[in-house]
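There are 2 protein chains.
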Amino acid sequence: MYSLLDLVLIDFYECDHETLLDADRIKEGMLTAARLMGAEVVAHCFHTFKPWGVSGTVTIAESHLAVHTWPEYDFAAVTFETCGQGMNHEKAYGYLVEFFGSKNAKISHQKRGFMDTLQGELAYKQEVG
Amino acid sequence: MYSLLDLVLIDFYECDHETLLDADRIKEGMLTAARLMGAEVVAHCFHTFKPWGVSGTVTIAESHLAVHTWPEYDFAAVTFETCGQGMNHEKAYGYLVEFFGSKNAKISHQKRGFMDTLQGELAYKQEVG
């Protein structure tokens, strides 16, 4: 059965505390992860909460990436949602393990957007425009 | 076991074609969904691809919402990722079914960010700052 989207959820436990506090550093880390995955970055939005915690999204031509950090638990939740073939999720994931200094990362991978009436190859992605 | 995040995935099939083409309308629809859910909107990013298709993210104090549309398949994929108690996902979902004119919507709900060492109530959310 064809599906339009891959959804990769990564829960990073026991992260480097200082990294989780720093929105600028996290933005650079997420943009690097997007590039390592082979994604084309379209836009990004990062925000720092009070007293701490960072939320960010990266819109890519292939869908999006998101991150939310809980410095009080040394925890970050990262989502990759991508369409198309050939995205290197593993490379991006490996980079982020190092980036967050996570001693314990849980990863899951699922598919969504099932298209049981379609045949053949699905469109890779749209032009950024 | 405590978890930090609720992840709601909604695949909207057989949507109104014109709605899926219109980034401004979709932005308003997603912001309305965020408000109906009880979320506090922090930022948003919407983009229209060529020849068509819209991707958007809404950063909320409770994490984020995302949407990706495939007008060629009359399909939209929506994600709600939220922390804290009392988010009204059902109200937002019901609104979006009407908004997209979807004749067939598949919804799933999962949890992530399990914290098996924590006890008691988790922090509701951070201040927007």
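So the sequence lines, in the order shown, correspond to chains A and B.
Each step along the first sequence adds one to the number in my numbering, with nothing skipped, and position 70 is 70.
Each step along the second sequence adds one to the number in my numbering, with nothing skipped, and position 6 is 1006.
For every residue, glycine included, the Cβ atom is placed at its ideal position computed from N, Cα and C.
{"Asked": "Per-residue burial, M1001 of chain B [other beta carbons within 10 Å of its own, 16 or more giving buried]", "Found": "exposed"}
{"Asked": "Rounded separation between L96 of chain A and S55 of chain A - CA only", "Found": "15 Å"}
{"Asked": "A1105 of chain B - DSSP class collapsed to helix/strand/coil", "Found": "strand"}
{"Asked": "Distance cut-off 7 Å: D1024 of chain B Cβ against heavy atoms of the ligand MG", "Found": "Looking at this structure, you won't find the ligand MG or any other ligand, since it has none at all."}
{"Asked": "Proximal chain B residues relative to E127 of chain A, where beta-carbon distance stays under 9 Å", "Found": "F1049, K1050 and P1051"}
{"Asked": "Interface flag, M115 of chain A vs chain E, CB-CB below 8 Å", "Found": "Going by chain labels, chain E is absent from the structure shown, which instead holds the protein chains A and B."}
{"Asked": "Members of the region 66-80 of chain A near chain B, C-beta cut-off 8 Å", "Found": "A66, H68, W70, E72, Y73, F75, A77 and T79"}
{"Asked": "Cutoff 7 Å; reference E18 of chain A; Cβ partners in own chain excluding five residues on either side", "Found": "none"}
{"Asked": "Alpha-carbon spacing of P71 of chain A relative to L1005 of chain B, whole angstroms", "Found": "15 Å"}
{"Asked": "Minimum C-alpha distance to D1011 of chain B - residue among A:K50, A:E90 and A:F114", "Found": "A:F114"}
{"Asked": "Residues from the region 30-46 of chain A in contact with chain B, defined by Cβ distance under 8 Å", "Found": "V42, A43, H44 and C45"}
{"Asked": "Length of the line joining the Cα atoms of K1103 of chain B and E62 of chain A", "Found": "25 Å"}
{"Asked": "CA-to-CA distance, R1112 of chain B to I26 of chain A, given in whole angstroms", "Found": "20 Å"}
{"Asked": "For D1006 of chain B, the first and last residue of its enclosing beta strand (DSSP E)", "Found": "Y1002 to Y1013"}
{"Asked": "Backbone secondary structure at F49 of chain A - three-state DSSP", "Found": "coil"}
{"Asked": "DSSP three-state assignment for V1097 of chain B, whether helix, strand or coil", "Found": "helix"}
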